[in-house]
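J.: Have a look at the structure that comes next, please.
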DNA sequence: GAAGACATGTAAGAGGTTACATGATTGT
DNA sequence: ACAATCATGTAACCTCTTACATGTCTTC
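Residue numbers (the numbering used here), protein chains in the order written: chain A, 12 to 196; chain B, 12 to 196.
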């Protein structure tokens, strides 16, 4: 089973979704640490159904096309639970911008400052998005997000990593800009 | 030009290397933010040579096979310099472990603590490796690593992101373990 | 009338990993 | 004897992205 499968199961463990809804979730909330396009999602849902980890039923709608709503089976839930309990290898970072900072000595100082500030700006934006979701979880999952058996807890700690990561990245960018400004004179 | 090409050029901008040496560097120093196998590296070096960004000469050796040592051309250096000066889209994180924490509410507390502690351990190890390289740069590039036009400077700031990232990751893991231990009772 | 959301699919292509392939030397 | 290092390459496979494909309804 590939990682994408577990991404889909992890959403369906929370509630039923159509392929289209999952596609949207894979862009934003989950998409922050695992993205996928609809061209990957639709075939993968069909495959998970063949394996018996999900089932679907067609829901008819008015004015919009019918949709297939997928439900996690007991087998799917168990498969996900087991995968979560197994250790993972630490992820290898794959960040094009870090490759650029590795060659930043070749750029002229003004250009260097510009690209670093641009990157910082993007991470500030992302941080704001996370902060918004944090507010949402703290409100909606009020009494639950502190209980380890609640999905809100899991969403919350995952989100905290996003926030913490972005803050760290922004601080690092600012440190570089400071050094470039101080040392370029 | 794909990102891998720039990874190779960024190494050759520092000094000449054979394909085999680049392969090793792509595992460790650069490999921390952009990895590649030799099956990608050898054809890509050939392609860069066709494009005129690198040249190679065969160096004969005793007891070990001959090697092709690659050198960056002026055109290659200019191509790299321009790429560095262009803004990049913020990288999308792709971390299987974050996907697991997103479903951590399904695992029993003991298993949850175990997987998080295992992940923390791996990041502590990685941090130690980075700290070692940091010492190395501070010694070898003593007077240079503070100058933006020096390759040591670029190596240093990139490495600082690695260190900062690992520290942040470890703190986050420890926070989760604390919460799981406190709340599981 | 055009653009965009809803909804699901397939096909082609790029990028990346694993495996296949060869061969000498050095260390256990 | 066996594994590991040095050294370079190709082939098969998997994953992921981009593009092709279709059709209705609502909003500008």
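For glycine and all other residues, C-beta sits at the position ideal for the given N, C-alpha and C.
Beta carbon of residue 105 of chain B, beta carbon of residue 116 of chain A: below 9 Å?
T.: As a first step, residue 105 of chain B must be located in the second chain, where it is residue number 94. As a first step, residue 116 of chain A must be located in the first chain, where it is residue number 105. Cβ distance not < 9 Å, so residue 105 of chain B and residue 116 of chain A don't count as in contact.
J.: Taking a cut of 8 Å between CB atoms, which residues from the stretch 78-104 of chain B lie near chain A?
T.: From the stretch 78-104 of chain B, only 88, 91, 92, 94, 95, 96, 97, 98, 99, 100, 101, 102, 103, 104 have a Cβ closer than 8 Å to chain A.
J.: Look at the alpha carbon of residue 77 of chain A and the alpha carbon of residue 96 of chain B, and state the distance between them as a whole number of angstroms.
T.: Here the question's residue 77 of chain A lines up with position 66 in the first chain. Here the question's residue 96 of chain B lines up with position 85 in the second chain. Roughly 48 Å separates the two Cα atoms.
J.: Going along chain B in order, which residues have a C-beta closer than 9 Å to the C-beta of residue 73 of chain A?
T.: Taking the first residue of the first chain as 1, we reach residue 73 of chain A at position 62. Simply none; closest approach about 34 Å.
J.: Give the C-beta separation of residue 27 of chain B and residue 81 of chain B to the nearest angstrom, bearing in mind that I take them to be a contact with Cβ-Cβ under 8 Å.
T.: Locating residue 27 of chain B in the second chain gives position 16, where the first residue counts as 1. Locating residue 81 of chain B in the second chain gives position 70, where the first residue counts as 1. That belief holds up - the Cβ atoms of residue 27 of chain B and residue 81 of chain B are roughly 6 Å apart, short of 8 Å.
J.: Name the two residues that bound the continuous beta strand (DSSP E) containing residue 9 of chain A.
T.: A question about residue 9 of chain A goes unanswered here, because the residues of chain A that appear run from 12 up to 196.
J.: Which of the three DSSP states, helix, strand or coil, is assigned to residue 65 of chain B?
T.: Taking the second chain and counting its residues from 1, the one referred to as residue 65 of chain B is at position 54. In the structure shown, residue 65 of chain B sits in a strand (DSSP, three-state: E or B).
J.: So which residues on chain A does residue 106 of chain B lean against when the C-beta distance must stay under 7 Å?
T.: Position 95 of the second chain, counting from 1, holds the residue named residue 106 of chain B. 44, 102, listed in chain order.
J.: Taking 9 Å as the CB-CB limit, is residue 18 of chain B close to chain A?
T.: Sequence index remark: in the second chain, residue 18 of chain B carries index 7 (1-based). Yes, its Cβ sits closer than 9 Å to a Cβ of chain A.
J.: For residue 84 of chain B, I'd like the list of residues in its chain whose CB is within less than 8 Å of its CB, leaving aside the five on either flank, ordered along the chain.
T.: Translated into the one-based positions of the second chain, residue 84 of chain B becomes position 73. For residue 84 of chain B, where only same-chain residues beyond five positions count, the Cβ hits under 8 Å are 63, 64, 65, 66.
J.: Going by DSSP in three states, residue 103 of chain A sits in which element: helix, strand or coil?
T.: Position 92 of the first chain, counted from the first residue, corresponds to residue 103 of chain A. Correct three-state label for residue 103 of chain A: coil.
J.: Is it right to say residue 154 of chain B is buried, meaning 16 or more other beta carbons lie within 10 angstroms of its own, or is it exposed?
T.: As a first step, residue 154 of chain B must be located in the second chain, where it is residue number 143. Exposed, since its Cβ has fewer than 16 Cβ neighbours within 10 Å.
J.: Mark residue 121 of chain A as exposed unless 16 or more other C-beta atoms lie within 10 angstroms of its C-beta, in which case mark it buried.
T.: Within the first chain, residue 121 of chain A is the residue found at index 110, counting from 1. Residue 121 of chain A should be labelled exposed.
J.: At what residues does the alpha helix (DSSP H) containing residue 148 of chain A begin and finish?
T.: Walking along the first chain from the start, residue 148 of chain A turns up at place 137. Where residue 148 of chain A is concerned, the enclosing alpha helix (DSSP H) stretches over 120-151.
J.: Three or more C-beta pairs closer than 8 Å, one from the stretch 171-181 of chain A and one from the stretch 17-27 of chain B: is that the case here?
T.: Counting Cβ pairs under 8 Å, fewer than three are found: no touch.
J.: If you measure beta-carbon to beta-carbon, which residues of the stretch 123-154 of chain A are closer than 8 Å to chain B?
T.: Listed by position along the chain: 123, 125, 126, 129, 130, 133, 134, 137.
J.: If you measure between the beta carbons of residue 191 of chain A and residue 159 of chain B, is that distance less than 9 Å?
T.: The residue labelled residue 191 of chain A in the question sits at position 180 within the first chain. The residue labelled residue 159 of chain B in the question sits at position 148 within the second chain. Yes. Within cutoff.
J.: What does residue 159 of chain B touch in chain A if you count any residue whose Cβ is under 8 Å from its own?
T.: Numbered from its first residue, the second chain carries residue 159 of chain B at position 148. In chain order: 115, 116, 120, 123, 190, 191, 194, 195.
J.: Count the C-beta pairs between the stretch 134-143 of chain B and the stretch 135-150 of chain A that are closer than 8 Å, then say yes if the count reaches three, no if not.
T.: No: the two stretches stay apart, fewer than three of their Cβ pairs being nearer than 8 Å.
J.: Would a C-beta distance cut-off of 9 Å place residue 107 of chain A and residue 102 of chain B closer than the cut-off?
T.: By one-based count along the first chain, residue 107 of chain A stands at place 96. By one-based count along the second chain, residue 102 of chain B stands at place 91. For residue 107 of chain A and residue 102 of chain B, yes; Cβs fall inside 9 Å.
J.: Let's test the definition: count the other Cβ atoms within 10 Å of the Cβ of residue 59 of chain A and tell me whether it reaches 16, buried, or not, exposed.
T.: Looking up residue 59 of chain A in the first chain gives position 48. Flag for residue 59 of chain A reads buried.
J.: Among B/167, B/184, B/169, which one has its Cα closest to the Cα of residue 173 of chain A?
T.: Here residue 173 of chain A is taken as the residue at index 162 of the first chain, counted from 1. Of B/167, B/184, B/169, the residue nearest in Cα terms is B/184.
J.: Can you list, in chain order, the residues of its chain whose CB lies under 6 Å from that of residue 167 of chain B, leaving out five sequence neighbours each side?
T.: Indexing the second chain from 1 puts residue 167 of chain B at position 156. Counting only Cβ-Cβ distances below 6 Å, and skipping sequence neighbours, we find 148, 156.
J.: Based on the DSSP output, what are the partners of residue 29 of chain B in its beta bridges?
T.: Your numbering for residue 29 of chain B matches position 18 in the second chain. Bridge partners of residue 29 of chain B: B/80.
J.: Closest by CA to residue 186 of chain B, which one among A/188, A/165, A/194?
T.: Mapped onto the second chain, residue 186 of chain B falls at position 175. The option with the nearest alpha carbon to residue 186 of chain B is A/165.
J.: Anyone know if the C-beta pair for residue 30 of chain A and residue 52 of chain A falls short of 9 Å?
T.: Your numbering for residue 30 of chain A matches position 19 in the first chain. Your numbering for residue 52 of chain A matches position 41 in the first chain. The answer is yes: Cβ separation under 9 Å.
J.: Name the chain A residues whose beta carbon is nearer than 7 Å to that of residue 109 of chain B?
T.: By 1-based counting over the second chain, the position of residue 109 of chain B is 98. Those within 7 Å of residue 109 of chain B in chain A are 44, 169, 172.
J.: If contacts are defined as beta-carbon pairs under 8 Å, then residue 47 of chain B and residue 15 of chain B qualify, I think. What distance do you get, rounded to the angstrom?
T.: Numbered from its first residue, the second chain carries residue 47 of chain B at position 36. Numbered from its first residue, the second chain carries residue 15 of chain B at position 4. Confirmed, about 6 Å.
J.: Taking 9 Å as the threshold (beta carbon to beta carbon), is residue 28 of chain B in contact with chain A?
T.: What you label residue 28 of chain B is simply residue 17 of the second chain in a count that begins at 1. No, no contact with chain A.
J.: Once you ignore the five residues that flank residue 124 of chain B on each side, which residues in its own chain have a CB closer than 6 Å to its CB?
T.: Translated into the one-based positions of the second chain, residue 124 of chain B becomes position 113. So the qualifying residues of the chain are 188, 191.
J.: Could you have a look at residue 75 of chain B and say whether DSSP puts it in helix, strand or coil?
T.: As a first step, residue 75 of chain B must be located in the second chain, where it is residue number 64. Residue state, collapsed to three classes: coil.
J.: Alpha carbon to alpha carbon, how far is residue 194 of chain B from residue 39 of chain B?
T.: Working through the second chain from its first residue, we reach residue 194 of chain B at position 183. Working through the second chain from its first residue, we reach residue 39 of chain B at position 28. If I take the Cα positions, the gap works out to 39 Å.
J.: Mind listing the chain A neighbours of residue 181 of chain B? Cutoff is C-beta to C-beta under 8 Å, in chain order.
T.: Residue 181 of chain B sits at position 170 when you count from the first residue of the second chain. Going along chain A, no residue has its Cβ under 8 Å from residue 181 of chain B, so there is no contact; the nearest lies around 11 Å.
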